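Colleague: Have a look at this one before I ask anything.
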Amino acid sequence: NLQKHTCTCYRWQLTGIPYAHGIAVIQDLRAKLAWDFVDPFYHKETYLRAYTPLIQPINGKDKWPKSLRTPPMPPVQKKQSGRAKVKRIMDPSEPANPYKLKRKHQPYKCTRCGSLGHNKKSFPGEVPVSDRATQRRTTTQKKRVHNLLFTSNLLFAFNYSFSSFIIYYPVLLILQRTKLCMGFSVPIDVSDMDYSLFIMFYITY
1320 NLQKHTCTCY RWQLTGIPYA HGIAVIQDLR AKLAWDFVDP FYHKETYLRA YTPLIQPING
1380 KDKWPKSLRT PPMPPVQKKQ SGRAKVKRIM DPSEPANPYK LKRKHQPYKC TRCGSLGHNK
1440 KSFPGEVPVS DRATQRRTTT QKKRVHNLLF TSNLLFAFNY SFSSFIIYYP VLLILQRTKL
1500 CMGFSVPIDV SDMDYSLFIM FYITY
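Given below as structure tokens:
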């Protein structure tokens, strides 16, 4: 509609300038120039009339009044743990990287029933009685082996310390009497040692 300056695409109403549809009609009718159908607020006279009044200047930032309050500070930036992210977050509509290979996981296989999707620990069914007995027997055997190793290590440490005591205690007594140790006069204090304990160990040995 050339009189109302409207078009069915609504482009003329939004911008105030005739679109391709309106220009085609204007050229077909050869009524006026296309400039005559532009809204008046694009004209030079309208621009000059809008800025005819004098615009008073205002003070700049350096002329603003100073405030006694603490100026707002930017938030403290705390470095996050881990490696910094460099790549941007991809939109779901964007294509994925075709050169990146995905990791393939093998499906879990249960050793109890042989089916895929779970393992022996996450077995959904009820554990048979025979498997429970085997499980208890395995746990008991592990405890026995652990206790046996602990006892053997304890006996070895006791025998080693007892043998060292039997061998080195007479040497300490001799050095205490002579006060000689590797050519130097070094006193060795063995008064804290129990002589009766040494005699008992020596007789038993």
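Basically the numbering used here = 1-based index in the sequence shown + 1319.
We treat Cβ as the ideally placed atom computed from N, Cα and C, and that holds for glycine.
The model shown is predicted, which means the values in this text are computed figures rather than measured ones.
Mind reading off the beta-carbon distance from D1358 to G1335? Whole number of angstroms is fine, and I expect it under 8 Å.
Modeller: On the sequence shown, residue 1358 is found 39 positions in, with the first residue counted as 1. On the sequence shown, residue 1335 is found 16 positions in, with the first residue counted as 1. Distance from D1358 to G1335 at the Cβ level is roughly 3 Å; contact confirmed, criterion being Cβ atoms closer than 8 Å.
Colleague: Which residue's Cα is closest to the Cα of D1355: Y1366, G1341, L1367?
Modeller: Indexing the sequence shown from 1 puts residue 1355 at position 36. Residue G1341 is the option with its Cα nearest to D1355.
Colleague: Report the rounded CA-to-CA distance for P1337 versus Y1329, giving the unit in angstroms.
Modeller: Position 18 of the sequence shown, counted from the start, is the residue given in the question as residue 1337. Position 10 of the sequence shown, counted from the start, is the residue given in the question as residue 1329. When rounded, the distance between both Cα atoms is 10 Å.
Colleague: Please report the distance separating the alpha-carbon of K1398 from that of M1392.
Modeller: The sequence position of residue 1398 within the sequence shown is 79, counting from 1. The sequence position of residue 1392 within the sequence shown is 73, counting from 1. Approximately 18 Å, taken between the alpha carbons.
Colleague: Determine the closest residue to Q1322 out of V1344, P1394, L1333, with distance taken between C-alpha atoms.
Modeller: The residue labelled residue 1322 in the question sits at position 3 within the sequence shown. Per the Cα distances, V1344.
Colleague: Measuring CB to CB, does T1430 end up less than 7 Å from K1439?
Modeller: Along the sequence shown, read from residue 1 onward, the residue named residue 1430 stands at position 111. Along the sequence shown, read from residue 1 onward, the residue named residue 1439 stands at position 120. Contact flag set, yes.
Colleague: Can you name the start and end residues of the alpha helix (DSSP H) that R1319 belongs to?
Modeller: The requested residue 1319 does not occur in the structure, where the chain is confined to residues 1320 to 1524.
Colleague: Tell me the DSSP secondary structure of L1352 in three-state form.
Modeller: For this step, residue 1352 is matched to residue 33 along the sequence shown. Correct three-state label for L1352: coil.
Colleague: Exposed or buried, which one is W1383 when buried takes at least 16 other CB atoms within 10 Å?
Modeller: As a working note, residue 1383 is residue 64 in the sequence shown. Exposed is the call here.
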